[in-house]
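Reviewing the structure listed below.
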Amino acid sequence: MDTNTPRKIEHQQTDRGYVPVYATGVVEQPWSDYSRTDHEVWDTLYKRQRELLPGRACREFLAGVERFGLGDGGIPKFSDLNQVLGKATGWELVAVEGLLPDEVFFDHLANRRFPVSWWIRKPDQLDYLSEPDLFHDLFGHVPLLLNPIFADYMQAYGRGGMKAFGIGPEALMNLTRLYWYTVEFGLINTDEGLRIYGAGIVSSKGESIYCLDSPAPNRIGFGLERVMNTRYRIDTYQQTYFVIDSFEQLFEATRPDFTPLYASLKQASAHAAAEVLDKDRVFNRGTREGFASNADA
Ligand code: PHE
Ligand code: FE
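Quick note: the sequence shown, position 206, residue 265 per this note's numbering, numbers continuous.
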């Protein structure tokens, strides 16, 4: 699929009236439609995370937040951020209404476009949301796109996604687990200790604390096959976090062709989210306190 030039396919009725929807799911960021409350929600969430994350998030993430000026006040304009991002790593943010079909999402990543939901949560949803909104997508994912290695990893992931999509649903599930345990919920080992780089964590106050401070979850060294064969939780904080040593390690580990790996994983049975294996490099073995027993995704 070539989606470099978005094709307008139809006008769709939304609560903003009729808006053009492209085959790529891309819309204009309706910046002037944001209410005062929307801007306040952004400011509140930004301030909360900005105070919490020093000493918790990795320095590459924090540097990205500053460089974009995400806290300059109110919801950022994607066009402003794109000036910075394009020069730095050649990525571009595109506004979308929400989650995209897998192959459309992969195609964006493979072309260094990052889809960001344009809408923001309501004031009574500051702590939990079941779908990704602007704050998660933008504050969580975008700062690391300024890091050249992480930026390349995301593109490689998109290309790998197109390939897995062609192989079949099991391959896609294996690849989704990799995304989950790295891009969304990854930890990184630094000289100062474990730090957060996953977007699902940095955009959540509760999990930003829990993932590092709680004795309940496991913290285990990253292994490609290990991660791709481990189920995950979508309804609670994670039961296991996987720790990379560096973005280079992540990029190199995922460089080989996954085709044989998909084939061998098809024969293997998946590990439960909370499981610790003998061969694991364990940073912390979790106490499992408060874990539900059988609801992995
Ligand atoms: N190397 C993977 C493959 O061949 C592609 C990939 C790269 C997937 C990086 C995820 C992350 O399928
Ligand atoms: Fe996300």
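By construction, the Cβ of each residue, glycine as well, lies at the ideal position given by its N, Cα and C atoms.
- Judged by beta-carbon spacing, ARG290 lies beyond the 7 Å limit of ALA327, meaning their Cβ atoms are not closer than that value.
- At a Cβ-Cβ threshold of 7 Å, TYR240 and VAL201 do not count as neighbours.
- Leaving aside the five residues that flank TYR296 on each side, the residues in its chain whose CB is nearer than 6 Å to its CB run, in chain order, GLU266 and TYR269.
- Classified as buried, TYR212 has 16 or more neighbouring CB atoms from the shown chains inside 10 Å of its CB.
- Boundaries of the beta strand (DSSP E) around PRO174: 172 to 176.
- Each of ILE247, ALA230 and GLU307 was checked against the Cα of PHE209, and the nearest Cα belongs to GLU307.
- Taking a contact as a CB-CB distance under 8 Å, the pair PHE310 and ILE279 does not count as one, their CB atoms being some 20 Å apart.
- In this structure, ASN233 lies away from LEU159, with their beta-carbon atoms at least 7 Å apart.
- Taking 6 Å as the cut-off, the C-beta of GLY217 does not count as close to any heavy atom of ligand 1.
- Looking only at GLY123, THR313 and ILE303, the smallest Cα-Cα distance to ASN248 is reached by ILE303.
- The residues PRO202, LEU203, TYR256 and VAL261, in chain order, have a CB closer than 7 Å to that of PHE120 in the same chain once the five nearest residues on each side in sequence are set aside.
- If you draw a straight line from the Cα of GLY123 to the Cα of PRO135, it comes to about 14 Å.
- Pairing ASP74 with GLY133, the inter-Cα distance amounts to about 22 Å.
- Rounded to whole angstroms, the separation of the alpha carbons of PRO207 and GLY282 is 22 Å.
- The beta carbons of PHE165 and PHE127 sit about 25 Å from each other, so the pair does not count as a contact at 8 Å.
- Here DSSP, grouped into helix, strand and coil, assigns TYR77 to strand.
- A direct Cα-Cα distance of roughly 20 Å separates ALA82 from TRP150.
- In the three-state reduction of the DSSP assignment, THR96 falls in the helix class.
- Each residue's CA atom was taken as its position, placing VAL341 and TYR77 some 53 Å apart.
- Contact between ARG254 and ARG115 holds: CB atoms are separated by about 7 Å, below the 8 Å threshold.
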